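Participant: Below you'll find the structure I mean.
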């Protein structure tokens, strides 16, 4: 069985299209991590000069450490007055992480405080716990890099896994496999297991690499700060208290869960479709088209069960927590995780059955 799994894994991996997709992802990943890593950081000094790279990160952390904690209107006003540039468009300058975060929500055009209270900037927030300020640049870069890269990796999974069953139909080798002694069982199982191994290896390798890069560059500073507080307006619609570290953890769960759901969809389509080309087209359509459904009034609970929305992470996280017995609350992220495990089981059962019952010509 192990030899069969290895053979099927090599079939998935050893395709020119897969090599090309992996090369593209590696180049894109390197470029994004470089641009959003230590080398892309800048901080404005009081003398008008800029610090760059690791010096900028350390300076950002020093400023954040001075003000970290529960965010109040007084703290917002103090920070904006202390660090805003003496210009008419001070609210649009790259100054430092804390100033940029606050000026994007409570700053006038000149960077001064607009006088609004904290929660006015977050109308969807329903938690009794106050917002917590802290350094967020590393966490924000980690989350946004993961969103972009997992969308690309999803396309790689579609390209790599679409031929698993359907290629046998195209080549006519399904007759040889299904009439052999172990074709309907062991060979089918080997194809499915090899597919999930490919998914876990690809996604796991990237997420480990990405986590190491950002941990090495930024560390864990600001992990307890509110994820909603950032100047990119990412996760600002999350209605409950969520820390940067919690958001990163949820992101990892959603990226892994979305990958399993996508793998299950592709395997089922590969078993149903009669050619590898049709499978790729159908799988890409099922993967990409739902990304356009956000403006159609479809409930976010349904959108969150689709891989592309899991890779983009915001929609599942913005769903209010589910209330359980005893007053406990559960993030919808865990619903996605359970659905991913269910779809994995479904793909193991039904893709094998569909392939095994294929009419040999």
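Numbering (my numbering), first residue to last: 418 to 778. Don't be surprised by glycine CBs; every beta carbon is placed ideally from N, CA and C. These numbers come from a predicted model, not from an experiment.
1) Does the stretch 448-468 come within contact of the stretch 575-586, defined as at least 3 CB pairs closer than 8 Å?
2) Does the stretch 663-675 come into contact with the stretch 479-488, if we say contact requires no fewer than three beta-carbon pairs (one atom in each stretch) closer than 8 Å?
3) What residue does the alpha helix (DSSP H) around residue 578 start on, and which one ends it?
4) Where do the N-terminal and C-terminal ends of the alpha helix (DSSP H) with residue 500 fall, by residue?
5) Among 576, 628 and 643, whose alpha-carbon lies nearest the alpha-carbon of residue 612?
6) Check for me: the alpha helix (DSSP H) holding residue 630 runs from which residue to which?
7) CB residue 653 to CB residue 642, shorter than 8 Å?
8) Is the beta carbon of residue 530 closer than 8 Å to that of residue 505?
9) Express the C-alpha separation of residue 737 and residue 747 in angstroms, rounding to a whole number.
10) Using the three-state DSSP reduction, which class does residue 655 fall into: helix, strand or coil?
11) Drop a sphere of 10 angstroms on the beta-carbon of residue 499, count the other beta-carbons inside from all chains shown, and report buried for 16 or more, exposed for fewer.
12) What does the alpha-carbon distance come out to for the pair residue 617 and residue 680?
13) In whole angstroms, what separates the C-alpha of residue 754 from that of residue 501?
14) Curious, which full-length alpha helix (DSSP H) runs of at least 4 residues does the stretch 652-697 contain?
15) I'd like to know if the stretch 672-691 and the stretch 760-771 are in contact, where contact means that at least 3 CB-CB pairs between them fall below 8 Å.
16) Who are the Cβ neighbours of residue 710 in its own chain at under 7 Å, not counting the five residues just before and after it?
17) Any idea what DSSP makes of residue 469, helix, strand or coil?
18) Can you pull the DSSP bridge partners for residue 530?
19) Since residue 732 and residue 717 are thought to touch, with beta carbons under 8 Å apart, how far apart are those beta carbons, to the nearest angstrom?
20) Do you know offhand how far residue 651's Cα is from residue 433's?
21) Among residues of its own chain, excluding the 5 on either side of residue 723, which ones have a beta-carbon nearer than 6 Å to its beta-carbon?
22) Please go through the same chain and pick out, in chain order, the residues whose beta-carbon is closer than 8 Å to the beta-carbon of residue 784, but skip the five residues on each side of it.
23) CB-CB under 8 Å to residue 488, same chain, minus the five flanking residues each way: which ones, in chain order?
24) Going by DSSP, which residues form a beta bridge with residue 486?
25) Please say whether residue 532 and residue 508 have beta carbons closer to each other than 8 Å?
Facilitator: Result, derived from the coordinates:
1) no
2) No, the stretch 663-675 does not touch the stretch 479-488.
3) Where residue 578 is concerned, the enclosing alpha helix (DSSP H) starts and stops at 554-578.
4) 490-500
5) The alpha carbon of residue 612 has as its nearest neighbour, out of 576, 628 and 643, the alpha carbon of 576.
6) Counting along the chain, the alpha helix (DSSP H) containing residue 630 begins and ends at 605-635.
7) no
8) no
9) 9 Å
10) coil
11) exposed
12) 10 Å
13) 43 Å
14) 661-689
15) The stretch 672-691, when compared against the stretch 760-771, does touch it at the 8 Å Cβ threshold.
16) 720
17) strand
18) 524
19) Indeed, because the Cβ distance is near 5 Å, the residues count as touching under 8 Å.
20) It is roughly 36 Å from the alpha-carbon of residue 651 to the alpha-carbon of residue 433.
21) Here the set comprises 707.
22) No answer is possible for residue 784: the residues shown for the chain start at 418 and end at 778.
23) 535, 547, 548, 549, 550, 643 and 646
24) 550
25) no
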